[in-house]
Structures are given as C-alpha cells and as structure tokens.
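Asker: Mind looking over this structure? Questions follow.
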Amino acid sequence: MMKLLAITFLLLVSITETVAQAQDLSPFFKDTKGAFVLYDLKNNRYLRFNVARCRERFSPKSTFKIPNSLIGLDTGVIQDADFVIAWNREKYPPQDNWDQEPFKHWGQDQTLRSAIKYSVVWYYQELALRVGEKRMKKYVTALNYGNQNVSGGITQFWLNGGLKISADEEVEFLKALYANRLPVSKRSTYIVKDILVLEKAPTYTLSGKTGGGSIAAGTYIGWFVGYLETNGNVYFFATNIEGPSFAAVREKRIDVTRQVLSYLGYLPK
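Using my numbering, the first residue of the sequence shown is number 1318, and each one after it goes up by one.
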C-alpha cells in the first residue's frame, strides 16, 4: 500500500511540475492564441502550453512540405534534393506579394532544396500532381499524417482542403521521421532531414519548417515545427499561433518558438 502511495505521489509531482512549466510559457503567448508542444527525447518527457489546443487539428499549410518531399522522393517523382522543376509562368503567374520575402524567389526554376527553403508552393503543387491522388492518399495514410484526409483537390488539400493535423501529431510525425520509422526508404528520409536544416552551429543544429495561411475569415494560422539537436539530446517541437493576417503570424511563429527554446535553456539566445 505504501509503495502504491509513493508511486502515486511521484506521478502527481511529475504532473504538477509539467503543468507549472507549461504555465510559465504563458508570457510568450501574451495576447496571442496559440499552442506549443515539446518532446525531450533523452528524458522521454513532454512539455505543453495550452493542452487542449495542442490536440486541436488545423490545416498543416506548408509544414506538409515535409511529408510531400518524402512522398516525391520515395515514388521517384523527384530523384534528389537538386531535382529541378521549371517554373511555368502561365500556370503560376506572379502575385502582388512576390516582391517580398520569401515569395520574391518563386518566379524561377526551383530544386527541392530551394523550394523548401523558400516555401515555394507551386513546386510542391507540381510534385503532388505528378504523384497523383491515388498514390498521395496511400502515402498520407501510411505515414499516419494527421486526419489523412486528402480531399479538396490534389494541389490544395494541405492548404485549404480536408487535411488537418494537431501540434501533438506534428511532433509524433517528426519523431518518427528522425528515428527512420516512417514507411519510406532511408535514402528519402536522409535527403529530407538534410534539406530541413535551418541552422548549424558548433553547439546545436536546428531543423524545421514553417507554414501559414488563412483558416477562416480574418483568421490566419502560423506554424513552426521541427527539432533541435544539442548537448547529446533532441528536442522536437511544434508551435502554432493565430493572428488577423499572415503578416501578424509570419515572424511571430518563429520568434515565439525561439524564445521558448532559449527560455528552457536549449537554444542560445
């Protein structure tokens, strides 16, 4: 009986500590509706801010470029990180915002590496068209990605269609990617891990992908998902925030994530 009570007490302490840590993150989300999930691989521990929202599914937007890249490589639609798809100006004409970052890089031929770096939507739409609906559905299901719903059109389902994913699920997907547990070739996984690297410093490597766009009238979501390798450990994370415009979430999704990781002592300030 005493042993059971001791175990129960330790569990309660652990839960209390996790909740306290999560509450401490609230200043980073001041006046912002959002969620944050972190998984500490070495210690097998999660930290969450806004637990209910961490479970809530939203359109993945450009974070889907991670599985889309895997699928393109694994099907052979694209061969490697330097595979070029030519820009079709008539099919994908320049938009008003193409004079801004990162869009100003879109109006030219792209490789897989440049397309994920500059989040080039048309490249991934072309990739998806070449994969086709049948194979895309098969892979999205096999990857257990979000709700696995690819309705809404082969070039739109991850942007404004049926595909939805939660912050919790983003982290689980990244854990599987990192551990080479996804049902794709090791080569495909290696290439995608390589193109996801954002920063490589002497003490850490930060990998990830942003995403963002409208989810309702006057409401935009901003995603930043990825993992941080440092001090012999890996920290997987997923952040989403809401704002009245894309401009309101574009930088903030990254800033909030970096501030939290720095506050926790994982990322240098």
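Just so you know, even glycine gets a beta-carbon here, dropped at the ideal spot from N, CA and C.
What is the residue span of the beta strand (DSSP E) that residue 1516 lies within?
Answerer: To locate residue 1516, count along the sequence shown from 1; it is residue 199. Taken as a continuous stretch (DSSP letters only), the beta strand (DSSP E) holding residue 1516 covers 1514–1517.
Asker: State buried or exposed for residue 1562, treating a residue as buried only when at least 16 other CB atoms are found within 10 Å of its CB.
Answerer: On the sequence shown, position 245 is the one that residue 1562 refers to. Result: exposed.
Asker: Could you say which of 1428, 1454, 1457, 1455 lies nearest to residue 1443 if we only look at CA atoms?
Answerer: Within the sequence shown, the letter at position 126 stands for residue 1443. Comparing Cα-Cα distances from residue 1443 to each of 1428, 1454, 1457, 1455, the minimum goes to 1428.
Asker: Helix, strand or coil, according to DSSP, for residue 1440 in the structure here?
Answerer: Sequence index remark: in the sequence shown, residue 1440 carries index 123 (1-based). Residue 1440 falls in the helix class under three-state DSSP.
Asker: In angstroms with no decimal places, state the Cα-to-Cα distance between residue 1524 and residue 1552.
Answerer: Within the sequence shown, numbered from 1, the residue matching residue 1524 stands at position 207. Within the sequence shown, numbered from 1, the residue matching residue 1552 stands at position 235. The alpha-carbon atoms of residue 1524 and residue 1552 are separated by roughly 10 Å.
Asker: Would you check if the segment 1405–1423 and the segment 1458–1471 touch, i.e. whether three or more CB-CB distances between them fall below 8 Å?
Answerer: No, the segment 1458–1471 does not touch the segment 1405–1423.
Asker: With DSSP run on the structure shown, which of helix, strand or coil describes residue 1559?
Answerer: Counting from 1 along the sequence shown, the entry for residue 1559 is found at position 242. Of the three classes helix, strand and coil, the one that applies to residue 1559 here is strand, per DSSP.
Asker: Quick check: residue 1405 and residue 1439, are their CB atoms within less than 9 Å of each other?
Answerer: Here residue 1405 refers to the residue found at position 88 of the sequence shown. Here residue 1439 refers to the residue found at position 122 of the sequence shown. Cβ atoms of residue 1405 and residue 1439: closer than 9 Å.
Asker: Taking Cβ positions, are residue 1486 and residue 1374 nearer each other than 9 Å?
Answerer: The residue given as residue 1486 occupies position 169 in the sequence shown. The residue given as residue 1374 occupies position 57 in the sequence shown. In contact: residue 1486 and residue 1374 (Cβ atoms closer than 9 Å).
Asker: Give the secondary structure of residue 1389 by DSSP, where H, G and I count as helix, E and B as strand, and everything else as coil.
Answerer: Taking the first residue of the sequence shown as 1, we reach residue 1389 at position 72. Helix, per DSSP.
Asker: If I follow the unbroken alpha helix (DSSP H) through residue 1532, where does it start and stop?
Answerer: Locating residue 1532 in the sequence shown gives position 215, where the first residue counts as 1. Looking at the DSSP string, residue 1532 is not in any alpha helix (DSSP H); the run it does join, the beta strand (DSSP E), is 1521–1533.
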